[in-house]
Amino acid sequence: MKLQKQDTFRIGISMAGAVSAGAYTAGVMDYLIEALENWQNAKELHLPGVPLHNVVIEVLSGASAGGMTAVITAAAIQKRFPPVGQKNYQTKAGRENPLFDAWVNQTEHSKSDMMSQLLDNDDILNSPEINPHKEVRSIFNSLFIEKIASRILSATMKDPSVGRPYFASDLELFTTLTNLRGFNYELEFITESGRREDRMTMHRDLIHLQLNPSGTYREDGKIPFHFETPEGLNKNLLVDAAIATGAFPAGLAPRVVVRDPKYINDNHLLRITHGKKYLVDPLTDYCAVCVDGGVINNEPYDLADKILTNRAMEKIRDLNGKRVALQTQNETAASTFDTILLMIDPFPNWEEPPSSAYLGLQALKFTSFQLFGAMRQQLMVKSDLLERAFDENDFSRFMIAPIRTSKNVRQNNSLACGSVNGFGGFFSRKFRVHDYMLGRRNCQRFLQEYFCVPAEAGNPVIECGYGHLKEDGLRLLRTSDGKSLPIIPDIRLSLNQTMPNQTFLVRPAAEDEFTYPSIGLKYLMQLEDRIKNRLDVVLKNLNNSNDPEHVASSINPIVRQIRRESWFKRNFISPLGNFASDRFVRILKNSGKGLVATKFIDMVIADMDEKELLKHDL
Numbered sequence: 007m008k009l010q011k012q013d014t015f016r017i018g019i020s021m022a023g024a025v026s027a028g029a030y031t032a033g034v035m036d037y038l039i040e041a042l043e044n045w046q047n048a049k050e051l052h053l054p055g056v057p058l059h060n061v062v063i064e065v066l067s068g069a070s071a072g073g074m075t076a077v078i079t080a081a082a083i084q085k086r087f088p089p090v091g092q093k094n095y096q097t098k099a100g101r102e103n104p105l106f107d108a109w110v111n112q113t114e115h116s117k118s119d120m121m122s123q124l125l126d127n128d129d130i131l132n133s134p135e136i137n138p139h140k141e142v143r144s145i146f147n148s149l150f151i152e153k154i155a156s157r158i159l160s161a162t163m164k165d166p167s168v169g170r171p172y173f174a175s176d177l178e179l180f181t182t183l184t185n186l187r188g189f190n191y192e193l194e195f196i197t198e199s200g201r202r203e204d205r206m207t208m209h210r211d212l213i214h215l216q217l218n219p220s221g222t223y224r225e226d227g228k229i230p231f232h233f234e235t236p237e238g239l240n241k242n243l244l245v246d247a248a249i250a251t252g253a254f255p256a257g258l259a260p261r262v263v264v265r266d267p268k269y270i271n272d273n274h275l276l277r278i279t280h281g282k283k284y285l286v287d288p289l290t291d292y293c294a295v296c297v298d299g300g301v302i303n304n305e306p307y308d309l310a311d312k313i314l315t316n317r318a319m320e321k322i323r324d325l326n327g328k329r330v331a332l333q334t335q336n337e338t339a340a341s342t343f344d345t346i347l348l349m350i351d352p353f354p355n356w357e358e359p360p361s362s363a364y365l366g367l368q369a370l371k372f373t374s375f376q377l378f379g380a381m382r383q384q385l386m387v388k389s390d391l392l393e394r395a396f397d398e399n400d401f402s403r404f405m406i407a408p409i410r411t412s413k414n415v416r417q418n419n420s421l422a423c424g425s426v427n428g429f430g431g432f433f434s435r436k437f438r439v440h441d442y443m444l445g446r447r448n449c450q451r452f453l454q455e456y457f458c459v460p461a462e463a464g465n466p467v468i469e470c471g472y473g474h475l476k477e478d479g480l481r482l483l484r485t486s487d488g489k490s491l492p493i494i495p496d497i498r499l500s501l502n503q504t505m506p507n508q509t510f511l512v513r514p515a516a517e518d519e520f521t522y523p524s525i526g527l528k529y530l531m532q533l534e535d536r537i538k539n540r541l542d543v544v545l546k547n548l549n550n551s552n553d554p555e556h557v558a559s560s561i562n563p564i565v566r567q568i569r570r571e572s573w574f575k576r577n578f579i580s581p582l583g584n585f586a587s588d589r590f591v592r593i594l595k596n597s598g599k600g601l602v603a604t605k606f607i608d609m610v611i612a613d614m615d616e617k618e619l620l621k622h623d624l
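Using my numbering, read the sequence shown as starting at 7 and increasing by one per residue.
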């Protein structure tokens, strides 16, 4: 789908889930914004040799850690902040950059590292305002996430002197959710007893927002938000969007999200049927407990792609005052495309394809595990995009993924935070720093060598940007093989030392390899007692709930009657046996905690060792 004037690349960015490896995604975004900022400054100074085409990021989206980074980015671009690299990450710049501050600093300080906070029991025992019933909502204490969201999002206010035209003024933002309440759909059938409805519930959800300084709701389900005033608009839903999408099931606490029903009933991404006027009750705020969006859609590029297409259709729907037939897909060929989906994925699915040999194992011990895997994979299928999967001339999809080298040799292990199923970054700040710097390094090489278009393709946006440049100017910008030109030129401004009033363009210094970190075996072993203590509090409070009905009320009265005196109670429990059994249960609980803590630390040590992150300091 082509707009009339092709001088601009339209971009939608989708960020995949990653738990603590969101530090990598944050590093990618930091470098990307730095490159865009320098290119924009060069254009505004009218320097010779600057490509003149435009890039506009129209969609920021993500799941889990990626969704959190998308929301933080939407806040960060409202003000000035320094890029953070290897030379300044230990300075105040690390606190001034929202991406680095949120993902690397987190809430860690000299007296309390992140694992100490995750194993603290304040979320259960000492939070009467948010958890009056002392419920166990997650294995780990996740109060730190709320603190980060409040610090980064609630405190943000738009700086009117900051203009970033490479982000759309009506930027769309969404995070995916797994909605435990769900949305009810009906499919009507004609039956012997009349028309009857077959009901189904969809748990795929998203919080869909749109930057809107006026705050006007456009009856399209897109929640308007802005940072124009200290209180902003719908900042509470921005916080919900960030926290709910990152609520790793069981590991981190779920989030209750309350929305005006119009934001659901009007949204075309949620209303997949038109046979029903309302998806949810239009007179009552819709409340749902939500967990990690990555459970159902961990790589939401399909939705970002759909939004990009819809935005283009809206712009050309009424061409010259006449209704026209529209394509339902953007151009993808190198010679014609102007719309790009950029995926940032710390854990891409690049494993070897399944073997053609299939054993057909039927035993329950095999099929039970395969069933859960099949259900998970089926949830992730994006069938509407599969028809384009093998188009070799498709230049509309790009991905940045981790690649680590040491002395220019590619390494097997890339992300330090990728250990312990993505929770590794909570064990050491050094892991988060490493992955952030790796994100910057990977983004630099991606922009310079791969986020490019073959010069011979004659793409109109590339022609618009580079057509006026001479060979000397093109030589600075071309890929190393000389065949392609970057979609986003990675350039910096440098003062002429002999003529101070003159500025010229240079390539930025290479982002160097960053030392692969390690964690002490001694530190990991010391965590075992804290894990036992956390498990003790979790087990003691596991049955706490704000449910007024409580679980016992659901027991059938006949079942309760016939099971009132079990064999165990009749034959074992006696006045003497009561004392003995209490001791037995207590011993079992205590030994169970110790066993779980030991096994967990053993698993962590083994995984860290396998990924070459372990320092043997005992």
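Glycine is no exception: its CB is placed at the ideal position from the N, C-alpha and C atoms.
Contact between D176 and L212 does not hold, since their C-beta atoms are separated by about 18 Å, which reaches or exceeds 8 Å. P288 has its alpha-carbon roughly 51 Å from the corresponding atom of A463. Under the rule that a run must span 4 or more residues, the alpha helix (DSSP H) segments found entirely inside the stretch 229-278 read 241-251 and 268-271. The beta carbons of D623 and G471 sit no closer together than 7 Å. K621 is bridged by DSSP to G526. Contact annotation: A24 and A71 have beta-carbon atoms nearer than 7 Å. Using a 10 angstroms sphere on the CB of R410, the tally of other CB atoms reaches 16 or more, which defines it as buried.
For H440 and E618, the gap between their C-alpha atoms comes out near 14 Å. Looking from the CA of R143, the closest CA among D608, G598 and S551 belongs to S551. Classified as buried, T184 has 16 or more neighbouring CB atoms from the shown chains inside 10 Å of its CB. By the beta-carbon neighbour count (other beta carbons within 10 angstroms, threshold 16), E178 is buried. Residue pairing from DSSP leaves S199 without any beta-bridge partner. When C-alpha distances from D119 are compared across D272, M21, D518 and Y529, the shortest belongs to Y529.
Boundaries of the beta strand (DSSP E) around L348: T345 to I350. I130 is not a Cβ neighbour of V602, given a cutoff of 7 Å. Apart from the 5 residues on each side of it in sequence, I313 sits with its Cβ closer than 6 Å to the Cβ of V65 and E178 in its chain, given in chain order.
With distances taken between CA atoms, S148 lies nearest to L124 out of G169, R170 and L124.
Taking the Cβ atoms as the reference, A253 lies roughly 5 Å from V297, within the contact range of under 8 Å. Under the DSSP assignment, F404 falls in the beta strand (DSSP E) whose first and last residues are R403 to I406. Within the same chain, Y191 come within 6 Å of M206 by CB-CB distance, once the 5 residues on both sides are set aside. With fewer than 16 other CB atoms across the displayed protein chains lying within 10 angstroms of its CB, G473 is exposed. Counting along the chain, P460 sits inside the beta strand (DSSP E) bounded by residues C458 to P460. Of the other Cβ atoms in all chains shown, 16 or more fall within 10 Å of the Cβ of V34; this residue is therefore buried. Unbroken alpha helix (DSSP H) runs of no fewer than 4 residues, entirely contained in the stretch 141-166, are found at 149-155, following chain order. Residue range R435 to E455 is occupied by the alpha helix (DSSP H) that includes C449. Judged by DSSP in its simplified three-state form, L124 adopts helix. Per DSSP, reduced to three states, the secondary structure at A294 is strand.
One Cα belongs to S20, the other to P134, and the distance between them is close to 37 Å. With distances taken between CA atoms, N549 lies nearest to K140 out of Y95, D272 and K140. A contact is defined here as three or more CB-CB pairs under 8 Å, and the stretch 158-167 fails this definition with respect to the stretch 47-61.
Shortest Cα-Cα distance from L58 to any of L38, A340, P352 and I494 involves I494. Looking at the backbone, the Cα of D126 and that of K153 are separated by about 15 Å.
Annotation for T509: the continuous beta strand (DSSP E) segment containing it runs T509 to V512. In the DSSP assignment, E64 falls within the beta strand (DSSP E) that extends over N60 to G68. Separation of the CB atoms of S402 and F343 is rounded to 5 Å, and the pair is thereby assigned contact status at 8 Å. In the DSSP assignment, G221 falls outside any beta strand (DSSP E), carrying neither H nor E.
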